[in-house]
Amino acid sequence: MGDKGAGNHSDVTDFILVGFRVHPEFHILLFLLFLLVYGMVLMGNISMMTIIVTDSQLNTPMYFFLGNLSFIDLSYSTVIAPKAMVNFLSEKKTVSFVGCAAQLFFFAFFIVTEGFVLAAMAYDRFIAICNPLLYSVHMSRRLCTQLVAGSYLCGWLSSILQVSTTFSVSFCASRVIDHFYCDSYQIERISCSNLSVNKMVSLSLAAFIILPTIVVIVVSYMYIGTTVLKIPSSEGRRKAFSTCSSHLGVVSLLYGTVSFVYLTPPSNPELRKVASVFYILVTPMLNPLIYSLRNKDVKQALGKILWKKKALY
1 MGDKGAGNHS DVTDFILVGF RVHPEFHILL FLLFLLVYGM VLMGNISMMT IIVTDSQLNT
61 PMYFFLGNLS FIDLSYSTVI APKAMVNFLS EKKTVSFVGC AAQLFFFAFF IVTEGFVLAA
121 MAYDRFIAIC NPLLYSVHMS RRLCTQLVAG SYLCGWLSSI LQVSTTFSVS FCASRVIDHF
181 YCDSYQIERI SCSNLSVNKM VSLSLAAFII LPTIVVIVVS YMYIGTTVLK IPSSEGRRKA
241 FSTCSSHLGV VSLLYGTVSF VYLTPPSNPE LRKVASVFYI LVTPMLNPLI YSLRNKDVKQ
301 ALGKILWKKK ALY
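full-length UniProt numbering numbers the first residue of the sequence shown as 1 and each following residue consecutively.
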């Protein structure tokens with residue numbers, strides 16, 4: 001591979017994002033579909049953040065985490081969706097080398113951060129249900145801030161490692177990325193370098209960053225389930241489960257689609273692209289709906305805001 005290695009990655013100035021392999025007339029339809037869903041992502045998550053910030057009754061650890069979750073969902077959708085929509089209407093469908101690296105960096109940053117925030121939310125529900133009398137002591141404002149700050153730090157460190165290894169390879173024969181965004185797996189596929197280090201880094205990130213968040217979530221809900229089943233009244237069990245059902249729904253949506261994309265064999269790239277749309281756009285669109293429809297406090301806060309606006313008119 002010596003001759004191929006001469007085409008160093010520094011010679012590459014841009015990449016071509018293939019997007020979805022459909023007839024050109026469907027590109028407008030894809031643009032409108034992405035625009036609709038992304039618009040709902042913006043509206044839903046900005047509304048959720050506004051409700052949490054403006055209503056003093058929502059000044060609790062759970063809503064502090066939820067506000068950060070909405071910000072993260074909005075952010076990683078924004079990293080991907082606008083560029084994808086531009087490419088749907090463009091003939092060149094290019095992205096600069098720096099733009100591609102930046103897109104991968106911020107996407108990895110926010111998606112890993114979300115995993116840690118979801119783990120923190122699971123721990124919060126564990127304390128609330130299993131140790132309710134000590135909840136205010138354990139889940140102090142300081143601890144919540146530290147958990148969120150630590151989540152962002154882990155996301156930042158992992159994204160630096162991911163991007164530095166992904167773009168340290170050489171690109172020799174092709175600049176074509178078979179995806180609608182700069183996905184690390186597809187970038188490595190057009191490399192002619194030895195990818196053993198990249199694979200080792202990916203496994204290390206999964207082992208030391210992704211796996212612990214899954215373990216925290218699973219263990220927390222095992223304890224929660226055991227505690228809830230010990231509650232004598234069916235009404236009490238229903239209320240306890242209802243406080244966790246929204247979070248479980250969000251976790252299932254995110255980890256289910258991400259697992260499908262990255263753990264299944266890459267035999268059908270188009271199917272993987274469709275699955276990617278779910279965790280990039282559909283999940284961030286549904287998360288505010290899941291929390292607002294199943295949460296009495298959020299619905300009451302939204303009602304107050306709408307009533308105030310109606311009173312002004």
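Just so you know, even glycine gets a beta-carbon here, dropped at the ideal spot from N, CA and C.
Is residue i buried or exposed, if buried means 16 or more other CB atoms sit within 10 Å of its CB?
i, result
"R238", "exposed"
"residue 322", "Here the chain comprises residues numbered 1 to 313, so residue 322 is not present and cannot be evaluated."
"G115", "buried"
"T54", "exposed"
"residue 323", "Outside the displayed span of the chain (1 to 313) sits residue 323, for which this structure offers no information."
"V298", "buried"
"Q57", "exposed"
"S196", "exposed"
"F105", "buried"
"F109", "buried"
My understanding is that residue i touches residue j, with C-beta atoms under 8 Å, so please give their C-beta distance in whole angstroms.
i, j, result
"S75", "P288", "In fact, because the Cβ distance is near 14 Å, the residues do not count as touching under 8 Å."
"A177", "V18", "Rather than Ala, the amino acid found at residue 177 in this sequence is Ile. Between V18 and I177 the Cβ distance is about 7 Å, and since that is below 8 Å, they are a contact."
"R175", "V12", "6 Å"
"E270", "F20", "7 Å"
"S77", "L281", "6 Å"
"M285", "V37", "6 Å"
"P61", "D124", "5 Å"
"M85", "F31", "5 Å"
Helix, strand or coil for residue i per DSSP?
i, result
"V176", "strand"
"I231", "coil"
"C182", "coil"
"L69", "helix"
"R141", "helix"
"D55", "coil"
"R125", "helix"
In the DSSP assignment, what are the bridge partners of residue i?
i, result
"D14", "S96"
"F171", "S191"
Stretch pair the stretch 180 to 195 + the stretch 100 to 119: three plus CB contacts closer than 8 Å:
yes
Stretch-stretch touch, CB-based, cutoff 8 Å, three pairs: the stretch 37 to 51 with the stretch 199 to 206
no
Is the stretch 218 to 227 touching the stretch 136 to 150 in the sense that three or more CB pairs, one from each, lie closer than 8 Å?
no
Report yes or no: do three or more beta-carbon pairs, one from the stretch 225 to 238 and one from the stretch 252 to 260, lie closer than 8 Å?
no
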